[in-house]
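Peer 1:
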Amino acid sequence: MASSLWWCWLWLAMVCSAEGATKRFDRMYLGDNSSELGGAYVGGYSVNANGSAGTEESGSTSVINIPGDFVLGGLFPVHKRSVTSAPCGEIQAQRGIQRLEAMLYAVDHVNANPAILPHVRLGASVLDTCSRGAYALEQSLEYVRAFLSHRDAGEFLCADGSRAIATGVPPAVVGVVGGSYSTVSARVANLLRLFKIPQISYASTSAALSDKSRFEFFARTVPPDNLQAKAMADIVNYFNWTYISTVASSGEYGEQGIDSFQREARARNICIAVTAKLPHSSTPAHFEGIIRELQRKPTARVVVLFLRVEDARQLLLAAKSLRVAGQFVWIASDGWGKQDIPVLGNEAAAEGALTIELQSSPLGGFDDYFRQLRPATNRRNPWFAEFWEHAHKCRYRGHQAKVSGGDDETGDNKTCTGDERVPDSAYRQESKIPFVFKAVYAFAHALHKMLEDSCAHISKRSRRIRCMKTQNIDGDTFYKQYILNVSFSDERGDLVAFDKRGDGVGRYNIMNFRRHVETRMYEYVSVGHWSSGLSISENDITWAGCSHVTPTSRCSAPCGRAQIKHVQQGDTCCWLCTSCKPWEYVLDSNTCTDCGVGWWPNKDVTGCFRLPQQHMRFDDVFAIVPVCLSTLGVIMTVAVMLTFARYIDTPIVKASGRELSYLLLSGFLICYLITFVFLAKPSTMVCAVQRVGTGFGLALVYASLLTKTNRIFRIFHSAGRSAKRPPFISPKSQVTITLVLVSVQLLYTGAWLVLDPAGTRQHHPKGRRDIIVLKCQRRDESFLLSLVYIMLLIATCTVYAIKTRKIPENFNESKCIGFAMYTTCIVWLAFVPLYFGTFNSFQINITTLCVAISLSASVTLLCLFGPKMYLICFHPQKNVQRQTTRPTSYSKVIGKRSNDNGQLQPVVASPLFLFSPFHGYP
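Residues -20 to -1, 1 to 902 in mature numbering (1 follows the signal peptide of the UniProt record, and there is no 0) are what the sequence shown spells out, letter by letter.
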């Protein structure tokens, strides 16, 4: 009695512990998904120890038992989840029967393979989960019951004192293959972990199952959803879709998957317009409501789906009924993959979709194996007859289970013979078949390695075989040291291995659902793949409407060059574009930054470069006229100097005043040469020479002319009042006066250099920061102010020229000076407004200044020295001294002297004689 109570207590503790762990998981990850219905069961078949088929009632569950030295459990969704009070719905041909038969095929394959587990037979114990977590958990108790029975049955004693022997005990399993849905795997894993039973899933992809603190003995041959989510985010990012919507199924698969995708999307600056979640018991109205919600954001054309296959189909049905085909671009997870179920009858609504499918090749040999199965011979699969009835829409003799379809749907009372051919419409190798095969082989390789290590010390073959067959498997060691370290290549050469979290290698195919151009039939076509990185052929993709133009999905158009975003409040993917200022560059998508003075944005407005400094160059077009004028002026000035030097003792040269003439010619030469200084690149020295040279050259010219005109005026003015010679008319005096006048300009310039030292500066014409002109460090107004003294000399000289305009023609030098002054005044009156009006164009400004200075010098040079050069060169006979005998109206008697006869006669002197440099009193 005590032993019986202890057994009941242990059983209750086990179930409660498993249920408690499962409910905690459900509350954390599945929300209300745990509130699933319990249900009834279906009778089934088992295989006896001798391998013969027979009927067995194991409680009320259907189970496949294939005997072996070591048994693998198997969990498969043979039936769909029921929408009524029944525990199971209609049979699933692909996800259920095909995957189940794939495990049986893999077990047969291992047993026939002499390289794997030699002398050891692998068995199987397969259960139906009915696509429900709660039902799967209850079914899995069979594995735990076998574990407890094998371990504790010997502790019971019979009435006669003998030990109890358990009867009807299911075989103990070394591991479990499954489940399919992540919800099922999570619940079963919480139970199996209590007894350290390893589990390898072939289809559960939830990222939460990688957490070893909760699922210590879980592994899978498929990668987790976070890798799938990363692949989907890479696809969205590749096509530059920045504004999208998401729809997820309730439960661990959809919610965890879409959460992973949203994290990846945010890391790529992808915004989510609508985030929709389907409730557990969704009706068509729910799906239509989600479609309408998506339509409220028409610019978010791309919709990312993490849906179970049933939900994907219902969503496409809603899109079809609302006539929104072609409006959305679906990016679907492997829940849709390349299955026909979602798109059957919804082809137009699904056209152009990109779906994710686990990368795998069809399992070789399985198609032939499956097609040759018949209900009469496949007695080890208790659900195969039901599948046969469903596939052929008939009723198989001797089978009492309800047929999905058949009589109930068509009213046809056709009977199956069992020899019907499996139609192509009823069979296509399901995508997870290779992963079921890999899961079985992963267990086989790990078990093979563990048995070899455990029995390696036994040399005798028979004893080593016996050791292998009877070896006790410790689940903790088996999982951590062997399963996680297993590594092999499948028949296609693909690597099968697990990382430290028990996850499989992440490889995906990118499928495009499209319409064939020629056959007009819809099909899935591979357009790329993902394995740690995306590789996709954009040209092979056909979008909705047979278009090859990539659709857009963004709230706002990308800002153009030199523009930044002003994000609207509450929606980071919707913005207004504003332009940066011309001198700013784009620091980031939201910030313009000033390049700084002397810098300018580059062509892409992503950085700045130093602006080249502009200055006048000798090869500029604007420099041609000043250079030509200055060069011609220098030649003429040098020619006059050389001519005067050669004819220095002739009357014309003497009468011109040799000293002042040389000062004048020196001033002309400086005025012409200063042009080349203005055209040189500004520097401290060049700027200083510009200041000094301009004033000095002009002062030398007009101070000399002023001295000349003043001397002429004083001579003729004093000749009418007195015969006495005016003071300070000697050559030495004239030179001294000229130098004094020039020194005033030099003193002013010197003070200017002290108060405002010469240097260079950067100038921006018209405030334009994209142009830098290298100029001298002086204001243009101050430079013009420095020429005020020169203008005063010109004005004074002009006044004297006017006053001496009526002298006789024989003394016409004053008239030449007057003409030169009049012309100079005109030149400078034109220069001043031109100079002030061209500040924004340094080329015109400098050209105007150089031309004005050269013209002033040229006019004076031609007027004063042109007639003299003409007489010296072309009329040398006139360049002789003449004796004046007849007084003119401007003659004056200056004394008397005796002639040859002793008579006194008057002596007449002309003004020219009086101011001639060679004049002397007798």
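Each residue gets a CB set at the ideal place from its N, CA and C atoms; glycine is no exception.
This structure is a prediction, so every number in the text was calculated from the model and none was measured.
Could you check if residue 117 belongs to the surroundings of the ligand SAM, using beta carbon to heavy atom distance under 7 Å?
Peer 2: In the structure shown, the ligand SAM is absent, as is every other ligand, since no ligand is present at all.
Peer 1: Alpha carbon to alpha carbon, how far is residue 281 from residue 566?
Peer 2: Approximately 29 Å between the Cα atoms of the pair.
Peer 1: Within the continuous beta strand (DSSP E) that includes residue 53, where are the two ends?
Peer 2: Residue 53 -> beta strand (DSSP E) spans 50 to 56.
Peer 1: Please report the straight-line C-alpha distance between residue 22 and residue 165, rounded to a whole angstrom.
Peer 2: Any reading at residue 22 must be qualified, since the residue scores a pLDDT of 29, below 50, and its modelled position is unreliable; the value itself is stated next. Spanning the two alpha carbons is a distance of roughly 22 Å.
Peer 1: On the DSSP bridge list, what partners appear for residue 741?
Peer 2: The partner list for residue 741 (beta bridge, DSSP) reads 755.
Peer 1: Buried or exposed for residue 529, going by 16 or more other Cβ atoms inside 10 Å?
Peer 2: Burial call: exposed.
Peer 1: Within a Cβ cutoff of 7 Å, which residues of the same chain sit near residue 811, ignoring the five residues on either side of it in sequence?
Peer 2: Counting only Cβ-Cβ distances below 7 Å, and skipping sequence neighbours, we find 828, 832.
Peer 1: Can you list, in chain order, the residues of its chain with a C-beta nearer than 7 Å to that of residue 582? Leave out the 5 residues immediately preceding and following it.
Peer 2: Cβ within range, chain order: 588, 589.
Peer 1: Measure from the alpha carbon of residue 426 to the alpha carbon of each residue in 366, 576, 463, then state which is nearest.
Peer 2: The residue with the shortest Cα to Cα distance from residue 426 is 463.
Peer 1: Could you tell me the distance, in whole angstroms, from the CA atom of residue 260 to the CA atom of residue 328?
Peer 2: Near 27 Å, if we compare the C-alpha coordinates of residue 328 and residue 260.
Peer 1: For residue 413, which of helix, strand or coil comes out of DSSP?
Peer 2: Reduced to three states, the DSSP call for residue 413 is helix.
Peer 1: Quick one: which unbroken beta strand (DSSP E) runs of 3-plus residues sit fully inside the region 282 to 320? Chain order, please.
Peer 2: Counting whole runs of 3 or more residues, the region 282 to 320 contains the beta strand (DSSP E) stretches 282 to 286, 309 to 312.
Peer 1: How big is the Cα-Cα spacing for residue 643 and residue 762?
Peer 2: Between residue 643 and residue 762, the C-alpha separation is close to 27 Å.
Peer 1: Tell me, please, which residues DSSP counts as bridged to residue 581.
Peer 2: Partner(s): 588.
Peer 1: Can you grab the Cα-Cα spacing for the pair residue 101 / residue 421, in whole Å?
Peer 2: Rounded to the nearest angstrom, the two C-alpha atoms are 13 Å apart.
Peer 1: Exposed or buried, which one is residue 854 when buried takes at least 16 other CB atoms within 10 Å?
Peer 2: Answer is exposed; the Cβ neighbour count stays below 16.
Peer 1: Using only alpha-carbon positions, find the residue among 822, 365, 460, 256 that is nearest to residue 602.
Peer 2: Looking at the Cα atoms, 822 is the closest of the given residues.
Peer 1: What are the residues that DSSP puts in a beta bridge with residue 558?
Peer 2: The partner list for residue 558 (beta bridge, DSSP) reads 544.
Peer 1: Measuring straight from C-alpha to C-alpha, what distance separates residue 419 and residue 181?
Peer 2: Between residue 419 and residue 181, the C-alpha separation is close to 7 Å.
Peer 1: Classify residue 201: buried if its beta carbon has 16 or more other beta carbons within 10 angstroms, exposed otherwise.
Peer 2: Buried, by the Cβ-count rule.
Peer 1: Helix, strand or coil for residue 60 per DSSP?
Peer 2: Residue 60 falls in the strand class under three-state DSSP.
Peer 1: According to DSSP, residue 572 sits in a beta bridge with which residue or residues?
Peer 2: Per DSSP, 566.
Peer 1: With DSSP run on the structure shown, which of helix, strand or coil describes residue 510?
Peer 2: DSSP places residue 510 in strand when its eight states are reduced to three.
Peer 1: Would you mind stating whether residue 204 and residue 574 have Cβ atoms separated by less than 8 Å?
Peer 2: Cβ atoms of residue 204 and residue 574: not closer than 8 Å.
Peer 1: Can you give the Cα-Cα distance for residue 24 and residue 42, rounded to whole angstroms?
Peer 2: For residue 24, the pLDDT reaches just 32, beneath the cut-off of 50, and the residue's location in the model is therefore unreliable, leaving the point undetermined.
Peer 1: Let me confirm a value: residue 52 is counted as buried when at least 16 other C-beta atoms fall within 10 Å, else exposed. Which label applies?
Peer 2: Buried is the call here.
Peer 1: With residue 757 and residue 731 assumed to form a contact (beta carbons below 8 Å), what rounded beta-carbon distance in angstroms separates them?
Peer 2: At roughly 16 Å, the Cβ-Cβ gap does not stay under 8 Å, so residue 757 and residue 731 are not in contact.
Peer 1: Report the residue from 759, 717, 375 whose alpha carbon sits nearest the alpha carbon of residue 736.
Peer 2: Ranking the options by Cα distance to residue 736, first place goes to 759.
Peer 1: Out of curiosity, what's the CA-to-CA distance linking residue 319 and residue 434?
Peer 2: Whole-angstrom Cα-Cα distance: 44 Å.
Peer 1: Only counting the same chain, and skipping five residues up and downstream in sequence, which positions put a Cβ closer than 8 Å to that of residue 722?
Peer 2: For residue 722, where only same-chain residues beyond five positions count, the Cβ hits under 8 Å are 676, 679, 680, 683.
Peer 1: Does the region 337 to 354 touch the region 76 to 89, meaning 3 or more C-beta pairs lie closer than 8 Å?
Peer 2: Cβ pair count under 8 Å is three or more, so yes.
Peer 1: Hey, residue 706 and residue 695: beta-carbon distance below 8 Å or not?
Peer 2: Against a cut-off of 8 Å, the Cβ pair of residue 695 and residue 706 comes out as a contact.
Peer 1: When we look at the beta-carbon of residue 465 and count the other beta-carbons within 10 Å, is it buried (16 or more) or exposed?
Peer 2: Counting Cβ neighbours within 10 Å, residue 465 comes out exposed, since fewer than 16 surround it.
Peer 1: Kindly confirm or deny that the region 641 to 657 and the region 667 to 675 touch, where touching means at least three C-beta pairs closer than 8 Å.
Peer 2: Verdict: yes, contact present.
Peer 1: DSSP state of residue 277, grouped into three classes?
Peer 2: It is coil, neither helix nor strand.
Peer 1: Just mark residue 250 as buried or exposed, buried being the case when its beta carbon has 16 or more other beta carbons within 10 Å.
Peer 2: Its Cβ being crowded by 16 or more others within 10 Å, residue 250 is buried.
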